[in-house]
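Notes follow once the structure below has been shown.
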Amino acid sequence: KQTLPPIPSPPPGLELSMGNYDVALLIIGWACVCVCGSEAGNECRGSGTATQRTELHIHLDGSVSVDTLLEIAKNRNLTIPGVGRPRNKADIWQALENVNSTWERFDVVNNIAGGHVGSLRIVAERFGDRQAAAGVTYTEVRYDPVRIATSDYARESIPVEAAVETITAGLRTAAERHGIAIYSLLCAMRGQNASACENVASLVAKVKSEELGGVVGMDLAGDEPHFNNSEYIECFRRAKLELGLNTTVHVGEAVRPLDVKTAVLDMLVDRIGHGYAMVEDKNVLEIFQNSSVHIEACPPGAKRKGVLDSIKVYKELGFSFGLNEDDPSSYFEGCTPESVEEIAKNDLHFTDHDISKCHEDSYAARFGPQNTYLC
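In this note's numbering, the protein residues as written are -11 to 363.
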């Protein structure tokens, strides 16, 4: 069961029951992000936290609560292999623990929630509710649009563009309800061929939008230890040079400093996720230091993998980097934005000023509208 950081009490009646906790709605105007230049004029996106939090690296299918998975499975009358029709949260946990690897837990989530408009709408809206409750005023959430459009359990699928439209609408609804900014990134996946990557790039170019909830960039995610960058370099060069897309890649999370180098010099990315392996190679560190690439650091995962000190190196070298959750659900990292910051304070000895600078660097590296500013 996740514990979210406290937020100021709202006026009576403004409460929303979500999953295993109550989310107090945030009120526009407490502390705000002003979204300017829209046809409707200036709009405030607010939160009740003292520090404006920005999160650029978080997975939609790594953020779904067990409660929500159970609700959706019941609504869809799903039969889950090895479990049957789930009756309680223990059954969902059994499904998550029956798999052979952590990677396969994403399949369980997508097989429960994927391929169904109503379920994806619930997932997207509740993600936005969660970010608001955690005091995150600006978020870019990512997902694989192909995988999330299909459910093996239900033997059901929807068009990939319909899945993207549904998630976009859900994120927008939650963002408007809470007065925060949320946008999305679409993931190409390692292990898929170059053509699949090209398809995702073309999809991003087709659907990209600076409206709330809209797609604002492209990512490369998946099994980095077994699939290096080589298959996807041309895809990302096209995404940047021909399609003009904002791009980021998961790279150097645990292996191959060289992949960090090729991400910067060959794939021409704007940001990287993780990048910890580059601290092993002075040449790669120098290349990175001479770039303007932002690092989406994720302390919970870095700590679990024993590479947390890499983030300290980022600070010492003056890199632009942020603090992110990655996969916050209880069956992955089991974290919150507050617990991420506690890791930075307790394990890396970051000050409040250091943490604020991380959020400022993240906000400066956002892919969403550049005429958005904190007020």
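Ideal Cβ positions, reconstructed from N, Cα and C, are used throughout, including at glycine.
- Which value, in whole angstroms, describes the spacing of the CA atoms of D140 and I68? The C-alpha of I68 is placed about 10 angstroms away from the C-alpha of D140.
- Message: Please classify R75 as buried or exposed, where buried requires at least 16 other C-beta atoms within 10 Å of its C-beta.
- Response: Classification of R75: exposed, given that the 10 Å Cβ count is below 16.
- Item | Coil, strand or helix - S172 by DSSP | Taken through DSSP and simplified to helix, strand or coil, S172 comes out as strand.
- Task: Let me know if S218 comes out buried or exposed under the rule of 16 or more other beta-carbons within 10 Å of its beta-carbon.
- Result: So S218 ends up on the exposed side.
- Message: For a test of the three-state rule: what should DSSP assign to Q277, helix, strand or coil?
- Response: The answer is helix: DSSP assigns Q277 an H, G or I state.
- Would you mind working out which of S280, M255, N271 and V243 sits nearest H262, comparing C-alpha positions? H262 has its Cα closest to that of V243, out of S280, M255, N271 and V243.
- K293 versus H45: straight-line alpha-carbon distance, rounded: So the two alpha carbons sit approximately 17 angstroms from each other.
- Task: Might you give, ordered along the chain, the residues of its own chain that have their beta carbon closer than 7 angstroms to the beta carbon of V267, omitting 5 neighbours on each side?
- Result: For V267, the CB contacts under 7 angstroms within the same chain, skipping 5 residues up- and downstream, are L273, S298 and V301 in chain order.
- Spatial distance of E199 from G167 (CA atoms): Pairing E199 with G167, the inter-Cα distance amounts to about 14 angstroms.
- Message: What does the Cβ neighbour count give for H341, buried or exposed, with the cut at 16 atoms within 10 Å?
- Response: So H341 counts as exposed.
- Query: Taking three-plus beta-carbon pairs below 8 angstroms as touching, is the region 114 to 128 in contact with the region 151 to 169?
  - Reply: Enough Cβ pairs lie closer than 8 angstroms, so yes.
- Task: Taking 8 angstroms as the cut-off, decide whether the C-beta atoms of V295 and F276 are in contact.
- Result: No.
- So does the region 307 to 323 actually touch the region 188 to 205, counting three or more Cβ pairs closer than 8 angstroms? Output reads no: the region 188 to 205 does not touch the region 307 to 323.
- Message: Applying the 10 Å Cβ sphere with the 16-neighbour rule, what's the burial state of L14?
- Response: Its pLDDT being 34, under 50, L14 is placed unreliably in this model, and the coordinates cannot settle the point.
- Message: Considering only the alpha carbon of each residue, which of R259, G356 and D49 lies closest to V134?
- Response: Here the closest residue by C-alpha is D49.
- Task: Pull up the DSSP beta-bridge partners for I283, would you.
- Result: Per DSSP, I260 and F309.
- So which of I221, H214, R259 and I170 has the shortest CA-CA distance to A182? When only C-alpha atoms are compared, the closest one is I221.
- Query: I283: which of R226, A227, S318 and A353 sits nearest, CA to CA?
  - Reply: Between I283 and the set R226, A227, S318 and A353, the nearest pair of CA atoms involves A353.
- Could you give the C-beta distance for E212 and R178, rounded to a whole number, given that I count them as a contact under 8 angstroms? 6 angstroms between Cβ atoms; contact.
- Message: Tell me which residues share the same chain as V52 and place their Cβ nearer than 7 angstroms to its Cβ, disregarding the 5 neighbours each side in the sequence.
- Response: The beta carbon of V52 is closer than 7 angstroms to those of V97, A101, V111 and S317 in its chain, skipping five residues each way along the sequence.
- E59 CB to nearest chain C CB: under 8 angstroms? Of the protein chains in the structure, only one exists, and it is not chain C.
- Could you spell out where the alpha helix (DSSP H) holding E348 opens and where it closes? Segment D340 to A352, the alpha helix (DSSP H) holding E348.
- Item | Where E144 sits in the DSSP three-state scheme | It is a strand residue.
- Please classify S350: is it buried, with 16 or more other beta-carbons within 10 angstroms of its beta-carbon, or exposed? Around the C-beta of S350, 16 or more other C-beta atoms lie within 10 Å, and the residue is accordingly described as buried.
- Message: For a quick check, are the C-beta atoms of R114 and T154 less than 8 angstroms apart?
- Response: For R114 and T154, no; Cβs fall outside 8 angstroms.
- Item | Euclidean distance between Cα positions of L231 and V281 | Whole-angstrom Cα-Cα distance: 19 angstroms.
- Query: Since I46 sits in a beta bridge, which residues does DSSP pair it with?
  - Reply: BP columns for I46 point to V129 and D314.
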